[in-house]
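Engineer: Converting from the sequence shown to my numbering requires adding 161 to each position, the first position being numbered 1.
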Amino acid sequence: MKGNVAQAATFTDVPDSHPSAVEINFLAETGIIKGYSDKTFKPSNNVTNSQVALMISRALQLDLNNRPNPGFKDLTKVDQETYKAIAAAVDEGIFPKGTNFRPFEPITRGEMAQVLVNAFSLKGSSNQQFKDVPKNHKHYQAIAALSANNITTGYEDGTFKPSQPLTRAHFSTFMSRVLEPDFIPVKSGFGYNKNYQYIYELYEGYTSREYFTYLSSDVQGDWWYVSDDYNQGIQYVNSIGKDGFTFKGFLANDEILTDFHIPYPVKLGTSWSFSMKKGLKPVTYAVTSMSETVTTPAGTFNHLMEIVSSDGFQYYYSKDYGHICTKDLRTNSVVYQLVQLKKK
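1. From THR374, LYS409 and THR209, pick the residue whose C-alpha is nearest to that of SER333; which is it?
2. How about ALA250 and SER286: do their beta carbons lie closer than 8 Å?
3. Can you find the residues in the same chain that come closer than 8 Å, C-beta to C-beta, to MET244, ignoring five residues on each side of it along the sequence?
4. Going by the DSSP bridge assignment, what does ASN399 pair with across the sheet?
5. Quick check on ASN288: does DSSP put it in helix, strand or coil?
6. Anyone know if the C-beta pair for THR487 and VAL469 falls short of 8 Å?
7. Decide yes or no for the touch test of the region 252-266 against the region 224-242: beta carbon pairs closer than 8 Å, at least 3 of them.
8. Would you say GLU341 and PHE172 are within 8 Å of each other, going by their C-beta atoms?
9. For ARG370, name the three-state secondary structure that DSSP assigns.
10. I'd like to confirm something about GLY319: is its beta-carbon nearer than 7 Å to some heavy atom of the ligand MG, or not?
11. Can you have a look at GLN393 and say buried or exposed, based on whether 16 or more other CB atoms are within 10 angstroms of its CB?
12. Name, in chain order, the residues that DSSP records as bridge partners for VAL500.
13. As a quick exercise: from THR320, GLN241 and SER378, pick the residue whose alpha carbon is nearest that of GLN289.
14. Identify, in the order they occur along the chain, each residue of the same chain with its Cβ nearer than 7 Å to the Cβ of ALA323, setting aside the five sequence neighbours on each side.
15. Assign TYR391 to one of three DSSP states: helix, strand, or coil.
16. Pull the bridge partners of MET437 from the DSSP assignment, please.
17. Just confirm the distance between the C-beta atoms of ASP389 and SER369, as a whole number of angstroms; I'd bet it's less than 8 Å.
18. Where does the unbroken beta strand (DSSP E) through TYR357 begin, and where does it stop?
19. Between the Cα of PRO426 and those of SER308, LEU418 and ILE345, spot the shortest distance and give me the residue it belongs to.
20. Using the Cα positions of LEU363 and ASP489, report the straight-line distance between them to the nearest angstrom.
21. Note down, in chain order, each residue of its chain lying with its Cβ closer than 6 Å to the Cβ of PHE462, except the 5 sequence neighbours on either side.
22. Mind the definition here: the region 348-359 touches the region 403-417 only if three or more C-beta pairs lie below 8 Å; say whether that holds.
23. Counting C-beta neighbours from all protein chains within 10 Å, is the total for ARG338 16 or more, i.e. buried, or is it exposed?
24. Quick one: give me the first and last residue of the alpha helix (DSSP H) that PHE474 is part of.
25. Using three-state DSSP, classify TYR301 as helix, strand or coil.
26. Give me, in chain order, the residues of the same chain whose beta-carbon lies closer than 8 Å to that of PRO229; leave out the 5 immediate sequence neighbours on both sides.
27. Check each candidate in VAL398, PHE373 and THR374 and name the one with the smallest Cα separation from GLN381.
28. Given this structure, state the Cα-to-Cα distance separating THR445 from ALA220, to the nearest angstrom.
29. Return the CA-CA distance between GLY196 and PRO176, expressed in angstroms with no decimal places.
30. Please name the residue, chosen from VAL495, ASN207, LYS439 and GLY430, that lies closest to GLY473 on a Cα-to-Cα basis.
31. With distances taken between CB atoms, is the gap from TYR386 to LEU499 smaller than 8 Å?
So this is what it looks like as structure tokens:
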């Protein structure tokens, strides 16, 4: 269900720099959200119960016709489309029945969890315990299911804030993660696995090989020796920290070569820039998928991150093994690939 994550901003008040811009644009492209007549989305506004019913009905493509009267007393001021969406959502068991629907009131984070679990039949439980969601909380199971499916991790202070109203931007983020798991942030991995030796082939009019051999580890990271067929090479350090993965080489003249960098967290639509060497123009990279499958002579690798660079290359990275292959988009050909992965 992936949309065009590289598209320009859909709404005037959602710049590309907005934390939820990619998800909001994705939902707009798929017709799930429509924004306002003045071409704004109002991402910081609270999302209301009626707006959620509309978005859920569009996401699930619910049949809005011939639904029973939901029986609420406070729907006299909603338009026909909204009324039908509410009736369908209640009929499907997504929203509970009752006396009042509160169509223009904000939905809370706890209520949102319950609606998403009901709508998409999310299952599972999580070891993560939110400090403000005890087991007797009415939305405990729903929040646990969201956590188990990596739809939410809560706040840094260990809370979920179930009674807090949900913003339109945050709802867009949660909804996008349910519809397209590639939007779920990944906060680790993509470096080289020190339990293996890597052998790559490079195609530049002729075929050459590179050998990646793990040496040792220190506070900087895992040290590797990258050599050619004649055992000539340089040392690299595979550094993994809270800000991301970086693979840096140290040349004979003390110059540092940044072979690759991937920031954390990373998800569909994430973009960043870096320069391989001091003085070189930075290249921009953008994640176009988190779920690719690629086969090389080393085997078939699933759930790969696909990255496209502004200088015309496409990279595939495994969370467990690192770099798998590179394609030149100008020639649509593989120019670098893993050909052997040897267990040490």
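Just so you know, even glycine gets a beta-carbon here, dropped at the ideal spot from N, CA and C.
Structural biologist: Working from what's here:
1. THR209
2. no
3. According to the sequence displayed, residue 244 carries Tyr and not Met. Cβ neighbours of TYR244 beyond the five flanking positions: LEU236.
4. ASP383 and PHE408
5. coil
6. no
7. yes
8. no
9. strand
10. Among the components of this structure there are no ligands whatsoever, and the ligand MG is therefore not found.
11. exposed
12. Paired residues: none, contrary to the question.
13. THR320
14. The residue asked about is misnamed: residue 323 is Pro in this sequence, not Ala. Excluding positions up to five away in sequence, the list reads THR269, ARG270, GLY271, ASP293, VAL294, HIS298, HIS300 and ILE304.
15. coil
16. The partner list for MET437 (beta bridge, DSSP) is empty, contrary to what the question assumes.
17. 7 Å
18. 357-364
19. ILE345
20. 12 Å
21. VAL455, SER479 and ILE485
22. yes
23. buried
24. Unbroken run through PHE474 is the beta strand (DSSP E), 474-479; no alpha helix (DSSP H).
25. helix
26. ALA248 and ASP252
27. VAL398
28. 32 Å
29. 14 Å
30. VAL495
31. no
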